[in-house]
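To keep things clear, I will list the structure first and then write my remarks on it.
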Amino acid sequence: MSTVAVSATDQLVASALLPEGFKVPASRFIHPSTRMRQLLDSEPFLFGPGVYDPMGAELVMYYGFKAVYFSGYSFAIGHLGTTDMDLYSNV
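Quick note on numbering: the sequence shown equals residues 124 to 214 in this note's numbering.
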């Protein structure tokens with residue numbers, strides 16, 4: 124049986140935005156770029172699977188990945204079937 128050290132950012136904490144009893148990773152309260160730098164300082168590489176919707180991001184988190192790649196373009200293609208470029212060109 125191995126022992127894994129849990130850092131303060133890997134712990135689950137309560138959030139005022141969620142019902143009582145639900146918890147989120149403490150790293151959600153740290154700026155994303157700061158958290159990414161912390162991870163890159165502590166590990167030789169950082170693997171972040173690419174997803175195209177929030178459900179995919181939840182699955183990535185559930186399976187223990189520490190990072191995820193998500194872009195507006197991939198979200199638009201996944202949900203609209205086209206890019207969202209022309210939606211904003213007339214504004």
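For glycine and all other residues, C-beta sits at the position ideal for the given N, C-alpha and C.
Only a predicted model underlies this, so the values are computations on that prediction, with no experimental measurement involved.
Residues that residue i bridges to, as DSSP identifies them
i      : result
Lys146 : Ala137
Phe188 : Paired residue(s): none; Phe188 is not in a bridge.
Spatial distance of residue i from residue j (CA atoms)
i      : j      : result
Gly187 : Leu162 : 14 Å
Phe168 : Asp176 : 24 Å
Phe152 : Ser138 : 10 Å
Asp164 : Pro155 : 14 Å
Residues near residue i in its chain [Cβ-Cβ closer than 7 Å; skip 5 each side]
i      : result
Glu166 : none
Close-in-space but distant-in-sequence residues of the same chain around residue i (CB under 6 Å, 5 per side omitted)
i      : result
Lys189 : Leu162
DSSP-derived helix/strand/coil call for residue i
i      : result
Pro172 : coil
Proximity to residue i [Cα-Cα], best of the options
i      : options                        : result
Gly144 : Phe152, Leu135, Arg151, Ser150 : Leu135
Tyr192 : Leu203, Thr205, Gly204, Met178 : Met178
Ser150 : Met184, Phe198, Val174, Pro142 : Met184
Sequence-distant residues of its chain with Cβ nearer than 8 Å to residue i (five each side left out)
i      : result
Met159 : Leu169, Ala190
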